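J.: Residue numbers (our numbering), protein chains in the order written: chain A, 1 to 187; chain B, 1001 to 1260. Glycine included, each C-beta is placed from N, C-alpha and C at the ideal position. All figures in this text were calculated on a predicted structure; none of them were measured in a lab.
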Amino acid sequence: MLKKLYRAALVTTAAAFFAVTSLASFSVNAKGVYQSGPDFFAEVFAPLQAEAKVLWLTPEIRAQAAAIVDRPVRGLRIRYHQSNKKTAWILEEIGKEMPITIGVVVEDDVIQQVKILAYRESRGGEVRYPAYTAQYNGAALQEDYRLNQNIDGITGATLSVWAVNKVAALALYYHAVVNQSSTTNQP
Amino acid sequence: MRNKPSLNSKSVNGIKTNILWHRRLGLSTFVVLIFLAISGFALNHSPGLKLNQINLSSNWLLTWYGFEVPVAEGFHVGEKWFYQDGNKALLVDGNSVASCTAPLSAVAQTTDGIFALCADGLKLLTSDGQLVEQFGAIDGLPANTQSVTVFDNRIYLTIGSTTIASETMEFNANTLGLTVADVAPQTLKDTQQTATPLPKFLQKKLKEQSPGPSISLETVILDLHSGRFFGQFGVLFIDLIGLLVCILSITGLVAWIKRR
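Here it is as structure tokens:
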């Protein structure tokens, strides 16, 4: 009788352990594409339709962008959407090994929204949670091209946090560049 | 004075046979034994000799170990070679220009630029191979895009499927827009450029930049020492040598005892 009870307890413990570890691994594994680029732009500017524009990266812009993300910036142009003083950018930055695709909305030189559109790393996907990305709302660019707000990190997702910080600063810089050029182009 | 006991002819024959076989075994195993001694010595001092840090990557060795040696191929477009480095980069004449997850399926050229299709998206390049921008799945590149082809200076993407027939879409490089095209996939397939082996100097450069799989010298020596290098027969051969060494020891011991 005792033997049977002991066996039942052992089986129950093993099953519970399996269930808990499965759930834990499911929650940590955050790989996936959450939203496409066109859907992101449509959502950001709804009900209006923003104008799709291109920012050509001059050597000066490229050099400053490289300083912000701390690596060479590839590509000659960046696409963005604009409606009045609101711009939306989709940029990529490598967390540890794989690129994270991040959507950033900037209005009046401050961040209005940061959204993780695709996360490809096996760990550190907690950066996609709105509770984390909401920290960027209202952040602006300082003179040293860093965010003027402190962003709380996430244990185990340090590299992803750094990647999102860099992209947020880069989007603010690009926004400043396009607004500056539109201001100077005005008659 | 005590005389030594004389050996009868049977004993003499026995000793002679024993020595004969001892000699035969010694002659047939000494080369292998010397090799085993040297390789064993090398393995014993492997960390000091840094054998595990010496990597061998010759094609025949990799093939022998069952590695698939990739044929370095690329697309020769606009007097330049476009190829993937086996890692995550698109190379143009040896220079990394963009990230590119393998395989690099197609490269095509219009008068405006060059278009390279990797697994992670379409790379838009200038005529001199500089990256303009990337068009990936998140931007609207259809899944299962199989190739990019230029026909009549227009860019077409062939989207394949295992269940329905392939369809073609025209790609606008300025707006990154896609529209359904009325060009038959077969027409595009006929005009599509296929990958060809890279010239030798680029193959050499590629090997330097991205060495690919390799086997440590320690592994090779260990496998030679144990006979595994030659498969199951090699192992059996080394087993046989071990057995012969045992017999060699016994015949040697017997010869020594009988001669006393």
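Mapping DSSP to helix, strand and coil, what is B/C1246?
T.: Helix, per DSSP.
J.: By the 8 Å beta-carbon criterion, what residues does the stretch 58-78 of chain A contribute toward chain B?
T.: Listed by position along the chain: R74, G75, L76, R77, I78.
J.: According to DSSP, what are the bridge partners of B/C1118?
T.: Note: B/C1118 sits in a beta bridge opposite B/G1121.
J.: Nearest chain B C-beta to A/A118 closer than 9 Å, yes or no?
T.: Answer yes: the Cβ-Cβ gap between A/A118 and chain B drops below 9 Å somewhere.
J.: Across the stretch 153-171 of chain A and the stretch 95-110 of chain A, are there enough close Cβ pairs to call them in contact, namely three or more that are closer than 8 Å?
T.: Segments in contact, yes.
J.: Kindly identify the DSSP beta-bridge partner or partners of A/K86.
T.: For A/K86, which the question treats as bridged, DSSP gives the partners A/S83, A/E107.
J.: Need the endpoints of the alpha helix (DSSP H) that A/R62 sits in, please.
T.: Its alpha helix (DSSP H) spans residues 59-69.
J.: Verify the CB distance criterion: does B/V1097 have a CB-CB separation below 9 Å to chain A?
T.: At least one chain A Cβ lies under 9 Å of B/V1097.
J.: Between A/A52 and the ligand SAH, is there a pair consisting of the residue's CB and a ligand heavy atom that are separated by less than 8 Å?
T.: Inclusion of the ligand SAH in the displayed structure is not the case, the ligand content being empty and no account of it being possible.
J.: Measure from the alpha carbon of B/A1108 to the alpha carbon of each residue in B/K1189, B/L1206, B/L1244, then state which is nearest.
T.: Considering only alpha carbons, the answer is B/K1189.
J.: Could you confirm whether any beta carbon from chain A is found closer than 9 Å to the beta carbon of B/D1093?
T.: Closer than 9 Å: no.
J.: If we ignore side chains and look at the alpha-carbon of each, how far apart do A/E60 and A/V177 end up?
T.: Going from the Cα of A/E60 to the Cα of A/V177 covers about 11 Å.
J.: Hey, does A/G190 have any beta-carbon neighbour from chain B nearer than 9 Å?
T.: The structure shown does not extend to residue 190 of chain A, since chain A is modelled only from 1 to 187, so the question has no answer here.
J.: Rounded to whole angstroms, how far is the Cβ of B/I1138 from the Cβ of A/L117, which I believe are closer than 8 Å?
T.: Between A/L117 and B/I1138 the Cβ distance is about 6 Å, and since that is below 8 Å, they are a contact.
J.: For B/K1050, does the count of other Cβ atoms within 10 angstroms reach 16, so buried, or fall short, so exposed?
T.: Answer is exposed; the Cβ neighbour count stays below 16.
J.: Please report whether the beta-carbon of B/E1218 lies at a distance below 9 Å from any beta-carbon of chain A.
T.: Chain A contact via Cβ: absent.
J.: Which one of A/S122, A/W56, A/K86, A/A131 has the shortest CA to CA distance from A/A46?
T.: It is A/K86.
J.: Check the Cβ-Cβ distances between B/I1250 and every residue of chain A, and say whether any is below 9 Å.
T.: No, no contact with chain A.
J.: Answer with buried or exposed for A/S22, where buried requires no fewer than 16 other C-beta atoms within 10 angstroms of its C-beta.
T.: Only weak support is given to the placement of A/S22: the predicted model assigns it a pLDDT of 49, under 50, and the value that follows is read from those uncertain coordinates. Exposed: under 16 other Cβ atoms inside 10 Å.
J.: For B/Q1134, is the classification buried or exposed, using 16 other Cβ atoms within 10 angstroms of its Cβ as the cut-off for buried?
T.: Buried, since its Cβ has 16 or more Cβ neighbours within 10 Å.
J.: For the candidate residues A/E43, A/R79, A/A67, A/W162, whose alpha-carbon lies nearest to that of A/Y136?
T.: Among A/E43, A/R79, A/A67, A/W162, the Cα nearest to that of A/Y136 is on A/W162.
J.: Start and end of the alpha helix (DSSP H) containing A/E43?
T.: Per DSSP, A/E43 belongs to the alpha helix (DSSP H) from 37-45.
J.: By DSSP, does B/A1106 sit in helix, in strand, or in coil?
T.: B/A1106 falls in the strand class under three-state DSSP.
J.: Which residues in the same chain have their Cβ closer than 8 Å to the Cβ of B/P1103, if we skip the five residues on either side of it in sequence?
T.: Cβ neighbours of B/P1103 beyond the five flanking positions: Q1084, C1118, A1119.
J.: Quick one: what does DSSP say B/T1175 is sitting in, helix, strand or coil?
T.: It is coil, neither helix nor strand.
J.: Just checking my contact of B/T1029 with B/V1254 at CB under 8 Å: how many whole Å lie between their CB atoms?
T.: That belief does not hold up - the Cβ atoms of B/T1029 and B/V1254 are roughly 17 Å apart, past 8 Å.
J.: Would you kindly check if the distance between the Cβ of B/S1147 and the Cβ of B/Q1192 is under 9 Å?
T.: Yes.
J.: Buried or exposed: A/V106, going by 16 or more other Cβ atoms within 10 Å of its Cβ?
T.: Result: buried.
J.: DSSP on B/F1082, reduced to helix/strand/coil?
T.: Three-state result, B/F1082: strand.
J.: Could you name the residues of chain B that A/V33 contacts, counting a contact when the two beta carbons are closer than 8 Å?
T.: Ordered by position in chain B, the residues that pass the 8 Å Cβ test against A/V33 are A1137, I1138.
J.: Who are the near neighbours of B/S1166 in its chain, counting only those whose CB is closer than 8 Å to its CB and skipping five residues on each side?
T.: Excluding sequence neighbours, B/S1166 sits near Q1146, T1158, I1159, G1160, P1185.
J.: Compare the C-beta of B/T1063 with all C-beta atoms of chain A and state if any pair is closer than 9 Å.
T.: It does not; no Cβ of chain A falls within 9 Å.
J.: Is B/T1175 close to chain A? Criterion is C-beta to C-beta, closer than 9 Å.
T.: At least one chain A Cβ lies under 9 Å of B/T1175.
J.: Under 9 Å between the Cβ atoms of A/L172 and A/A140?
T.: In contact: A/L172 and A/A140 (Cβ atoms closer than 9 Å).
J.: What span of residues does the beta strand (DSSP E) with B/F1135 cover, start to end?
T.: Unbroken beta strand (DSSP E) run through B/F1135: 1131-1135.
J.: List the residues of chain B that A/T87 touches, going by C-beta distances under 9 Å, in chain order.
T.: Within 9 Å Cβ-Cβ: nothing; A/T87 doesn't reach chain B, min ~17 Å.
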